[in-house]
């Protein structure tokens, strides 16, 4: 079983749509959680950290459910520029910088 | 501030040859990480340096891979001898600290193809 599981998609949505991605992680001791964005043939870039209380950054909302070991990302009012692969990333503990990546979910926003 | 840089951007080598990848972290970042993504799989951790010391090398696949960070600045990752399954994109990342508050910044990657 993978440590971080995501639905690879692709998710094809029209501009303006709301889309949600989900992710589950296997290690209940995991300390911190992130969503990264990766454009085609580019490096991953941090989109947002995910906190238990939930957090919002503009059109993006991230949620963490520790009991279910589940992380989500909601994108409202999708833009063409949101087309990318979204990576769910988990970090084990403060003693290690090791990031554990999901396989990524591909989003294609169409006009 | 310059970002993480990696060299070369692409490398095509034959099975059995040696390749050395280089990573220059962001200036002042003591923590340097190597990751790789093989075709169709997720990005996987290889190792973590703090300055010149290996903090965690649990992700190194086998002894054909050798990472160094002499002087605590740039790092190299050597693959010798290369095998077909080593093909993929090798990413380097750096961070100022390793606590939970510190973001890892990724370089553009080196795309390695072993034929």
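Residue numbers (our numbering), protein chains in the order written: chain A, 1 to 111; chain B, 112 to 226.
Using N, Cα and C, we set each Cβ at its ideal position, and we do this for glycine too.
Just so we're clear, the structure is a prediction, and the values are computed from it rather than from any experiment.
Residue nearest to residue i in terms of C-alpha spacing, selected from the options
i                      : options                       : result
residue 6 of chain A   : A/20, A/88, A/13 and A/68     : A/88
residue 27 of chain A  : A/1, A/20 and A/15            : A/1
residue 75 of chain A  : A/31, A/24, A/33 and A/37     : A/37
residue 171 of chain B : A/68, A/98, A/107 and A/85    : A/98
residue 164 of chain B : B/214, B/174 and B/178        : B/178
residue 175 of chain B : B/150, B/128, B/113 and B/115 : B/128
residue 33 of chain A  : B/214, B/173 and B/152        : B/214
residue 181 of chain B : B/198, B/191, B/192 and B/162 : B/162
residue 173 of chain B : B/183, B/149, B/159 and B/192 : B/192
Cβ of residue i within 8 angstroms of any chain C Cβ
i                     : result
residue 60 of chain A : Looking at the structure shown, chain C is missing, and the protein chains on hand are A and B.
CB of residue i within 8 angstroms of CB of residue j, strictly
i                      : j                      : result
residue 101 of chain A : residue 154 of chain B : yes
residue 20 of chain A  : residue 52 of chain A  : no
residue 126 of chain B : residue 224 of chain B : no
residue 108 of chain A : residue 211 of chain B : no
residue 200 of chain B : residue 147 of chain B : yes
residue 219 of chain B : residue 43 of chain A  : yes
residue 25 of chain A  : residue 50 of chain A  : no
C-alpha distance - residue i paired with residue j, whole-angstrom precision
i                      : j                      : result
residue 9 of chain A   : residue 46 of chain A  : 20 angstroms
residue 209 of chain B : residue 189 of chain B : 24 angstroms
residue 82 of chain A  : residue 39 of chain A  : 9 angstroms
residue 78 of chain A  : residue 13 of chain A  : 8 angstroms
residue 56 of chain A  : residue 35 of chain A  : 12 angstroms
residue 186 of chain B : residue 194 of chain B : 22 angstroms
residue 168 of chain B : residue 110 of chain A : 42 angstroms
residue 217 of chain B : residue 142 of chain B : 12 angstroms
residue 68 of chain A  : residue 105 of chain A : 20 angstroms
residue 70 of chain A  : residue 23 of chain A  : 6 angstroms
residue 96 of chain A  : residue 166 of chain B : 8 angstroms
residue 17 of chain A  : residue 66 of chain A  : 28 angstroms
residue 157 of chain B : residue 197 of chain B : 12 angstroms
residue 123 of chain B : residue 130 of chain B : 9 angstroms
residue 145 of chain B : residue 58 of chain A  : 31 angstroms
residue 151 of chain B : residue 103 of chain A : 8 angstroms
residue 86 of chain A  : residue 183 of chain B : 32 angstroms
residue 84 of chain A  : residue 159 of chain B : 27 angstroms
residue 91 of chain A  : residue 113 of chain B : 26 angstroms
residue 115 of chain B : residue 48 of chain A  : 20 angstroms
residue 222 of chain B : residue 80 of chain A  : 27 angstroms
residue 149 of chain B : residue 29 of chain A  : 27 angstroms
**OP:** Inspect the CB distances between the region 203-215 of chain B and the region 131-150 of chain B and report whether three or more fall short of 8 angstroms.
**Re:** Between the region 203-215 of chain B and the region 131-150 of chain B, the count of Cβ pairs shorter than 8 angstroms is three or higher; the stretches touch.
Subject >> Complete beta strand (DSSP E) runs within the region 164-194 of chain B (minimum length 3 residues, chain order) >> reply: Inside the region 164-194 of chain B, DSSP marks whole beta strand (DSSP E) runs of 3 or more residues at positions 164-167, 176-179 and 186-190, from first to last along the chain.
**OP:** Specify whether the region 61-68 of chain A and the region 115-126 of chain B touch according to this definition: at least 3 beta carbon pairs, one from each stretch, less than 8 angstroms apart.
**Re:** no
**OP:** Identify every run of the beta strand (DSSP E) within the region 64-94 of chain A, keeping only runs that are complete inside it and at least 3 residues long; order them along the chain.
**Re:** 70-75 and 84-91
Subject >> Completely contained beta strand (DSSP E) runs for the region 122-148 of chain B, where each covers 3 or more residues >> reply: 130-135 and 142-148
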